[in-house]
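To start, the structure under review is shown below, and the notes come after it.
Numbering (the numbering used here), first residue to last: 62 to 311.
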């Protein structure tokens, strides 16, 4: 699904590489979380995948196609919902379809089917100010889904939510991923969130990023929050928290 081959990258006017000879692979329909200290380069990896930044050397492939030649769209969901306050919920959700050239009526109809399926149908004519934080994130997820991409990049989408809403959204996301059969890469600072959601966790523990430490989560799907209390999971959580504490100056 997604492959990095010997990727090197540095920002303009920066002599040092942020990413150096990086290799990793994500398989189809996996749920992968990426964790690491602030500023370590997690979001830069996403920017390279979406084409917002170009690698200095090396190659990135999605379904064996080099991203430089990719004609489709990558589903990207940022930390903030970025809903347009002057557009209704259905108008916000259908934006990717409009960008792809579908007429407004057809795009709106397709978006409203998903809003209904995701329990937001009655809010289609409301505006972002009328929705809770969790509901806004659901709309943002639907908008990302409507890009049509098989791979979805979620960049700390729940970090601004209160604790209870965050837990609810994690469980909701896991259910959607299971139903939709998409490949998800998920950036988070929350070790427990990463372990609950993912089949594998990639840890950024050095700078420049030359490799991603891989943690295989010892739990299958479907799963509930009780899995976090399994002794092996608790040991992994403690190990990761301690490692990240040591890397805060990364």
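Where a beta carbon is used, it is the ideal one built from N, C-alpha and C, also for glycine.
The segment 95-102 and the segment 257-275 touch, with three or more beta-carbon pairs separated by less than 8 Å. When the five nearest sequence neighbours on each side are left out, no beta carbon in the same chain lies closer than 6 Å to the beta carbon of residue 148. For residue 115, the closest of 86, 208, 72 and 162 by C-alpha to C-alpha distance is 72.
By the Cβ criterion, the segment 108-124 is not in contact with the segment 250-264, since fewer than three pairs of Cβ atoms, one from each stretch, lie closer than 8 Å. Judged by DSSP in its simplified three-state form, residue 268 adopts coil rather than helix or strand.
Of the residues 77, 84, 74 and 75, the one whose Cα lies closest to the Cα of residue 68 is 84.
Nearest C-alpha to residue 127 among 138, 161, 136 and 112: 112. Under a 10 Å Cβ-count criterion, residue 198 is classified as buried, with 16 or more other Cβ atoms of the shown protein chains found around its own Cβ. By the beta-carbon neighbour count (other beta carbons within 10 angstroms, threshold 16), residue 157 is buried. Our two residues, residue 289 and residue 162, have alpha carbons roughly 44 Å apart in a direct line.
Runs of beta strand (DSSP E) with 3 or more residues, each lying fully within the segment 157-238, are found at 212-216, listed in chain order. Sequence-distant Cβ neighbours of residue 203 in its own chain, meaning closer than 8 Å and more than five residues away, are 154, 172, 175, 176, 179 and 181. Of the candidates 142, 103 and 62, the residue whose Cα lies closest to the Cα of residue 122 is 62. Spanning the alpha carbons of residue 129 and residue 106 requires a straight line of approximately 15 Å.
The shortest C-alpha to C-alpha distance from residue 187 to any of 144, 160, 217 and 214 is the one to 144. DSSP places residue 278 in the coil class of the three-state scheme, outside both helix and strand. Residue environment for residue 282: exposed (fewer than 16 other C-beta atoms within 10 angstroms of its C-beta).
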